[in-house]
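Novice: First to last, the sequence lines map onto chains L and V.
Read left to right, the first sequence gives residues 77 to 681 (our numbering).
Read left to right, the second sequence gives residues 1436 to 1724 (our numbering).
Built from N, CA and C at the ideal position, the CB exists for glycine as well.
All figures in this text were calculated on a predicted structure; none of them were measured in a lab.
First the structure, which I've put down as structure tokens, then a few questions once you've had a look.
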Amino acid sequence: MMFSFKIGAQAGAGVMVTGRMMAKCFTRGGFHVVEYPEYPSLVRGGHNVVEVAVSDKQMYSPTQKCDVVIALNKDAIFYHKDFVKKGGVIIYDEPIDTKQFKIPKDVHLLPVPLIKLIEKAGGNNNMINVVALASALALVEYPFEILAKVIEDEFGRKGAEIVKKNIDAATEGYNYVTENKGDVVNLVKTIKPTSNARKMLIAGNEAIALGAVKGGMKFYSAYPMTPASSILHYLFANERNFNIVVKQTEDEIAAMNYAIGASFAGVRSMTGTSGGGFALMTEALGMAALAETPIVTALVQRVGPSTGMPTWTEQADLRFALHASQGDFLRVILAPGDVDECFYLGAEAFNLAEKYQLPVIIISDKFLAETVFSTERFDEKKMKIERGKIVDNLPALEPNTRYKRYKLTKDGVSPRVFPGTPNGMHVGTSYEHDETGFSSESFIMRTKQVDKRDAKLAGLLKEIPAPEVYGPKKAPVTIVCWGSHKLPALDALGILENNGIKANVLHFSYLFPLDKNKIEKAMKQCTKTVMFENNSTGQFTGMLKQYCDVEPDFLVLKYDGRQFFAEQMAEEIGKLVKKKFKGDKDIRICEKEDLEYYNQQRYGL
Amino acid sequence: MVVSIKDLDVKEKMQWCPGCGNFGIVSALKGAIADLGLAPHETVICSGIGCSSKLPHYLDTYGFESIHGRGLPVASAIKLANNNLNVISVGGDGDGYGIGVQHFVHIMRRNYDLTYIVHNNQIYGLTTGQASPTSMMGMKTKTTPWGVIEEPFRPLATAINSGATFVARGYAGDPVHLKELIKGAIAHKGFAFVDVFQPCVTFNKINTYPWFQQRVYKLDGTHDVKDKWAAMQKAYEDEKTNYQKVPIGLFYKVEKPTYESQLPQIKDVPLVKHDLKKIDISMAYKELE
Ligand SMILES: Cc1ncc(C[n+]2csc(CCOP(=O)(O)OP(=O)(O)O)c2C)c(N)n1
Chain L
77 MMFSFKIGAQ AGAGVMVTGR MMAKCFTRGG FHVVEYPEYP SLVRGGHNVV
127 EVAVSDKQMY SPTQKCDVVI ALNKDAIFYH KDFVKKGGVI IYDEPIDTKQ
177 FKIPKDVHLL PVPLIKLIEK AGGNNNMINV VALASALALV EYPFEILAKV
227 IEDEFGRKGA EIVKKNIDAA TEGYNYVTEN KGDVVNLVKT IKPTSNARKM
277 LIAGNEAIAL GAVKGGMKFY SAYPMTPASS ILHYLFANER NFNIVVKQTE
327 DEIAAMNYAI GASFAGVRSM TGTSGGGFAL MTEALGMAAL AETPIVTALV
377 QRVGPSTGMP TWTEQADLRF ALHASQGDFL RVILAPGDVD ECFYLGAEAF
427 NLAEKYQLPV IIISDKFLAE TVFSTERFDE KKMKIERGKI VDNLPALEPN
477 TRYKRYKLTK DGVSPRVFPG TPNGMHVGTS YEHDETGFSS ESFIMRTKQV
527 DKRDAKLAGL LKEIPAPEVY GPKKAPVTIV CWGSHKLPAL DALGILENNG
577 IKANVLHFSY LFPLDKNKIE KAMKQCTKTV MFENNSTGQF TGMLKQYCDV
627 EPDFLVLKYD GRQFFAEQMA EEIGKLVKKK FKGDKDIRIC EKEDLEYYNQ
677 QRYGL
Chain V
1436 MVVSIKDLDV KEKMQWCPGC GNFGIVSALK GAIADLGLAP HETVICSGIG
1486 CSSKLPHYLD TYGFESIHGR GLPVASAIKL ANNNLNVISV GGDGDGYGIG
1536 VQHFVHIMRR NYDLTYIVHN NQIYGLTTGQ ASPTSMMGMK TKTTPWGVIE
1586 EPFRPLATAI NSGATFVARG YAGDPVHLKE LIKGAIAHKG FAFVDVFQPC
1636 VTFNKINTYP WFQQRVYKLD GTHDVKDKWA AMQKAYEDEK TNYQKVPIGL
1686 FYKVEKPTYE SQLPQIKDVP LVKHDLKKID ISMAYKELE
């Protein structure tokens, strides 16, 4: 069973909260849920939609088409009517005039007098979302009690009165649809809870934040920027519970420099931003590398260049992350593929940063960052905190000598000592330096310090796992992808199987450094490889070629602001199979319908 | 703790021009640290980039020489990470009032308990003599061959206006007076700012030792350091007198809660001493279910 809802309204109308409540209702009934928001960069006006996809089997990504649309304004009907599955239903607020729209023949309209029902319940217009949610649940005969409990949890802190009013309004909506759905009822499935085991609902950003906290992050500094802001919001909301310090700084330059300062003082620290903010951080990123101060940065991509499309998704900052800041230096780039990887890599990033005393960048994107997934509690047993070489008990120094913070070592790692420790005095520095940290322009020392820092690569490579294979070990065609695109890729496997095509997925979540041996081996085990990248130049494909001398057989690119949907991946693979893998190696795709959420006037709505 | 100036000495030779005002500032700072008995290993001196920013290398404390203009954000976070440390940030006028001015303005709103000393030589030293934000009108430099036509930045007025709780100005030519100012700054609970006139003997031929000698005078007991408006007037006295009378000393001082003192997370135990093995996130799980 797989079923999906879309709730659409104008920006500011609260559909995001409604989406989260609906998602909660279904996870509490034992279902797998993906809750996927789309919205323009506007606080009011513009169109917002949230999809809630529900399944009794593991499911990874949102779908293009849905079963039920809940339209709180006429725009929502306009935008989504053509993406309703056969036999699907559009629930809408009764006063909306639907005659102006050409509704597909096999899609049913179900008007619900939302405002009148609220009035009947003695509520106010803010409750329109709750009533609409109740109406949708009534349509699939999902038990009202679950909704009532979710309302209680959601509005509880606002007081019993508010909870009661919302439940009354929801009851009206639920009863109305139960009584009036008529023959529509035969067209949609009913959904019955399968268990009451509770799963979590968590978005990529929250999972990174939570992983970082469990991984010992004590300090987070950032400047707001979509789509990284929800890390900042989540950490601020829980700052005291987690017993950490979170700082909103004057800009991203400060954010990165704060994080470096805290790290120098001995605290696991992190910053997060999107491309524009990362541009401001790049100078300090290099300082972290030269001063060998561990630092973790979440780079949550949106559509660039420049301000681009702030609330839409892309994977086009990978080369930027790889090359950011002047000079040659080693860094680690991690790209979690789902919320579980967000959590574990969110913690692991600190181990790598501290053990190798270098910058670690967790690269994610709007799609993974803001999509909410149901998942089990994370398995903390498989985590450990490894802080690398730190000394806190030092013998007295000879007079006129200083601690050798940048001591030349074989593995490139020199023991850190934190301020406050006797006999460890030294200067952390952005200048090239000798072993004590004093500036040095000696050609020999310079070469030795560069070699020392580069020597970390050998140890690091041992810790970097091979790319992961999902699905059958051997298959005639392999989807290759990185980061968030694991999600649609895994769902594409199911679609392909239904179409009689056997395929598997080769997914990369460790993007740099790349281990040539492991990657060559993994690629050799594939028959035909098709790389999917959410950018216009195939950035990771280029990296694989450059660092590992391997190349996928086909490269499919999409850069319209949306991630690949599973349906689209399956379609492209299907076409290639049909053509017996002949034809153009480079394939570019774009959404078929041009629906712009920002500028509704274009449609004369 | 008993600390002598010798305890703070390092063998590295100070790489500044003979006669540079920076020597006076280092000796005043060392004297202040010794007089206050700050343990060198519990003291961190941060800086940006510039001639003046080399200072952390010349004292045997912990130090962090960051990038141009970023000494303050690094210092801020060191304080938040370990509020037991004595944190001091130093830098030039280009560093603090030019490229890093946003940090300067915002740090004062926050009132962290740390000290900021600006070596104000009214010129870019390390990059060999371009105009700085505090270069005086008409001054000829490499980047102002026809003279400066921009109003000079006013550090003291800006500080008073931005919420600094300790605002002072010293003169590198009077290290004894300067030492007392720095002692007051370090002892102050909150953000303490000391702008220091620092003659640059190589690139600033206007604001020389004799120039200052004729003009600076010390604020005395008649100036009420609690009076914001009086402090503001003193901060403008140089301009008002066409740079005939230039006050140095403590301009403004007020007690306010520090930023750190308002964070219960670090009230008893500094962040750096939190136990990473005992992190419990189960309440987060519950909230997400
Ligand atoms: C981002 C950046 N821009 C420019 C420079 C070059 N630079 C180094 S120091 C400096 C100015 C020095 O003047 P000031 O801060 O007043 O310090 P002083 O040398 O006079 O003590 C400049 C422009 C740099 N290091 N980094």
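List the residues of chain L whose Cβ lies closer than 7 Å to the Cβ of K1446 of chain V, in chain order.
Specialist: Residue numbering aside, residue 1446 of chain V sits at position 11 when the second sequence is read from its first letter. By Cβ distance, chain L contributes N476.
Novice: What three-state label does DSSP hand N124 of chain L in the structure shown?
Specialist: Counting from 1 along the first sequence, the entry for residue 124 of chain L is found at position 48. Reduced to three states, the DSSP call for N124 of chain L is strand.
Novice: How far does the alpha helix (DSSP H) with Q1648 of chain V in it reach, from first residue to last?
Specialist: Translated into the one-based positions of the second sequence, residue 1648 of chain V becomes position 213. 1644-1650 is the extent of the alpha helix (DSSP H) around Q1648 of chain V.
Novice: Just to confirm my understanding: we take K1691 of chain V, look at its own chain, exclude 5 residues before and 5 after, and list those with CB closer than 7 Å. What are they?
Specialist: Indexing the second sequence from 1 puts residue 1691 of chain V at position 256. Same-chain partners within the cutoff: N1546, T1600, G1625.
Novice: In chain V, which residues lie with their C-beta within 9 Å of the C-beta of M521 of chain L?
Specialist: Locating residue 521 of chain L in the first sequence gives position 445, counting from the first residue. Neighbours of M521 of chain L on chain V: none; closest Cβ ~15 Å, over 9 Å.
Novice: Considering Cα atoms alone, identify which of V:K1708, V:M1571, V:Q1668, V:I1714 is closest to T1643 of chain V.
Specialist: Taking the second sequence and counting its residues from 1, one reaches residue 1643 of chain V at position 208. Residue V:M1571 is the option with its Cα nearest to T1643 of chain V.
Novice: Under 8 Å, Cβ to Cβ, is there at least one residue of chain L near H1476 of chain V?
Specialist: In the second sequence, counting from the first residue as 1, residue 1476 of chain V sits at position 41. Yes, H1476 of chain V counts as interfacial toward chain L.
Novice: Please work out which residues of its chain come closer than 6 Å, Cβ to Cβ, to I466 of chain L, disregarding the five sequence neighbours upstream and downstream, and give them in chain order.
Specialist: What you label residue 466 of chain L is simply residue 390 of the first sequence in a count that begins at 1. These residues qualify, in order along the chain: R492.
Novice: Got a sec, what are the start and stop residues for the alpha helix (DSSP H) I520 of chain L sits in?
Specialist: Your numbering for residue 520 of chain L matches position 444 in the first sequence. Its alpha helix (DSSP H) spans residues 519-530.
Novice: Verify whether the separation of the beta carbon atoms of E111 of chain L and T387 of chain L is less than 8 Å.
Specialist: Position 35 of the first sequence, counted from the first residue, corresponds to residue 111 of chain L. Position 311 of the first sequence, counted from the first residue, corresponds to residue 387 of chain L. Contact flag unset, no.
Novice: Starting from the C-beta of A1463 of chain V, find all residues in its chain whose C-beta is less than 6 Å away, skip the five residues before and the five after it, and write them out in chain order.
Specialist: Translated into positions along the second sequence, residue 1463 of chain V becomes position 28. Result list for A1463 of chain V: P1610, L1613, K1614, I1617, in chain order.
Novice: What does a CB cutoff of less than 7 Å around E228 of chain L pick up in its chain, not counting 5 residues either side in sequence?
Specialist: Position 152 of the first sequence, counted from the start, is the residue given in the question as residue 228 of chain L. Result list for E228 of chain L: V239, in chain order.
Novice: Excluding the 5 residues preceding and the 5 following G1573 of chain V in the sequence, name in chain order all residues of the same chain whose CB lies nearer than 8 Å to its CB.
Specialist: The residue you call residue 1573 of chain V lines up with position 138 of the second sequence. So the qualifying residues of the chain are G1582, V1583.
Novice: Beta strand (DSSP E) containing M346 of chain L: first to last residue?
Specialist: Along the first sequence, read from residue 1 onward, the residue named residue 346 of chain L stands at position 270. Bounds of the beta strand (DSSP E) holding M346 of chain L are 345-349.
Novice: What's the C-alpha gap between F1632 of chain V and T1576 of chain V?
Specialist: Residue 1632 of chain V sits at position 197 when you count from the first residue of the second sequence. Residue 1576 of chain V sits at position 141 when you count from the first residue of the second sequence. Cα-Cα distance, rounded: 18 Å.
Novice: On the premise that L1494 of chain V lies in contact with V1553 of chain V, defined as a C-beta separation below 8 Å, what is that separation, rounded to the nearest angstrom?
Specialist: The residue given as residue 1553 of chain V occupies position 118 in the second sequence. The residue given as residue 1494 of chain V occupies position 59 in the second sequence. Separation of the CB atoms of V1553 of chain V and L1494 of chain V is rounded to 17 Å, and the pair is thereby denied contact status at 8 Å.
Novice: Per the DSSP calculation, D1630 of chain V is bridged to which residue(s)?
Specialist: Here residue 1630 of chain V refers to the residue found at position 195 of the second sequence. Note: D1630 of chain V sits in a beta bridge opposite V:V1553, V:R1604.
Novice: Going by beta-carbon coordinates alone, are L470 of chain L and Y479 of chain L separated by less than 8 Å?
Specialist: Here residue 470 of chain L corresponds to residue number 394 of the first sequence, with the count starting at 1. Here residue 479 of chain L corresponds to residue number 403 of the first sequence, with the count starting at 1. A contact, by the Cβ cut-off of 8 Å.
Novice: Do I438 of chain L and A374 of chain L have their C-beta atoms within less than 8 Å of each other?
Specialist: By 1-based counting over the first sequence, the position of residue 438 of chain L is 362. By 1-based counting over the first sequence, the position of residue 374 of chain L is 298. Yes; because the gap between Cβ atoms is below 8 Å, this pair is in contact.
Novice: Kindly confirm or deny that the region 304-318 of chain L and the region 390-406 of chain L touch, where touching means at least three C-beta pairs closer than 8 Å.
Specialist: no
Novice: Is any non-hydrogen atom of ligand 2 found closer than 7 Å to the C-beta of E359 of chain L, if you look at the structure I gave you?
Specialist: Annotation note on ligand 2: not contained in the displayed structure, which lists ligand 1 as its ligands.
Novice: Between D441 of chain L and S560 of chain L, is the Cβ-Cβ spacing less than 8 Å?
Specialist: As a position in the first sequence, residue 441 of chain L is number 365, starting the count at 1. As a position in the first sequence, residue 560 of chain L is number 484, starting the count at 1. In this structure, S560 of chain L lies closer than 8 Å to D441 of chain L by Cβ.
Novice: Can you list the residues of chain L that N1519 of chain V reaches, using a CB-CB cut of under 8 Å?
Specialist: The residue given as residue 1519 of chain V occupies position 84 in the second sequence. Those within 8 Å of N1519 of chain V in chain L are G496.
Novice: Tell me whether the beta-carbon of Y168 of chain L lies closer than 8 Å to the beta-carbon of V125 of chain L.
Specialist: Here the question's residue 168 of chain L lines up with position 92 in the first sequence. Here the question's residue 125 of chain L lines up with position 49 in the first sequence. With a cutoff of 8 Å on beta-carbon distance, Y168 of chain L and V125 of chain L are scored as not near each other.
Novice: How is W1664 of chain V classed by DSSP in three states: helix, strand or coil?
Specialist: One-based indexing of the second sequence puts residue 1664 of chain V at position 229. It is helical.
Novice: Does the CB of S1487 of chain V have a neighbour CB from chain L at under 8 Å?
Specialist: For the purposes of this step, residue 1487 of chain V is taken as the residue at position 52 of the second sequence. Not a single C-beta of chain L is nearer than 8 Å to the C-beta of S1487 of chain V.
Novice: Count the other CB atoms, across all protein chains shown, that sit within 10 Å of the CB of V415 of chain L; report buried if there are 16 or more and exposed otherwise.
Specialist: Taking the first sequence and counting its residues from 1, one reaches residue 415 of chain L at position 339. Taking a 10 Å sphere around the C-beta of V415 of chain L, we find 16 or more other C-beta atoms and assign the residue as buried.
Novice: Counting pairs of beta carbons, one from the region 450-462 of chain L and one from the region 614-625 of chain L, are three or more of them closer than 8 Å?
Specialist: no
Novice: Would you identify the three-state DSSP class for M77 of chain L, choosing helix, strand or coil?
Specialist: Along the first sequence, one-based indexing puts residue 77 of chain L at 1. Three-state DSSP puts M77 of chain L in coil, outside helix and strand.
Novice: Answer yes or no: do I329 of chain L and A360 of chain L have a C-beta to C-beta separation smaller than 8 Å?
Specialist: Stepping through the first sequence from its first residue, residue 329 of chain L is reached at position 253. Stepping through the first sequence from its first residue, residue 360 of chain L is reached at position 284. For I329 of chain L and A360 of chain L, yes; Cβs fall inside 8 Å.
Novice: Using 8 Å as the limit for Cβ to Cβ distance, is D1495 of chain V near chain B?
Specialist: Considering every chain present, this structure includes no chain B. Its protein chains are L and V.
Novice: Under 7 Å, CB to CB, which of the residues in the region 1691-1708 of chain V have a partner in chain L?
Specialist: L1698, P1699, Q1700, I1701, L1706, V1707
Novice: Is it true that the region 633-646 of chain L meets the region 122-142 of chain L, where meeting means three or more beta-carbon pairs spaced less than 8 Å apart?
Specialist: yes
Novice: Given 7 Å as the limit, tell me if T1562 of chain V has its C-beta closer than that to any heavy atom belonging to ligand 1.
Specialist: As a first step, residue 1562 of chain V must be located in the second sequence, where it is residue number 127. Checking every heavy atom of ligand 1 against the Cβ of T1562 of chain V, one is found closer than 7 Å.
Novice: For chain L, check one thing: does any of its Cβ atoms lie closer than 8 Å to the Cβ of G1537 of chain V?
Specialist: Against the second sequence, residue 1537 of chain V aligns to sequence position 102. Just to set this straight, residue 1537 of chain V is Gln in the shown sequence, not Gly. By this cut-off, Q1537 of chain V is an interface position.
Novice: Given a threshold of 16 other Cβ atoms within 10 Å of its Cβ, counted over all protein chains shown, does S345 of chain L qualify as buried or as exposed?
Specialist: The residue labelled residue 345 of chain L in the question sits at position 269 within the first sequence. Per the 10 Å Cβ criterion, buried.
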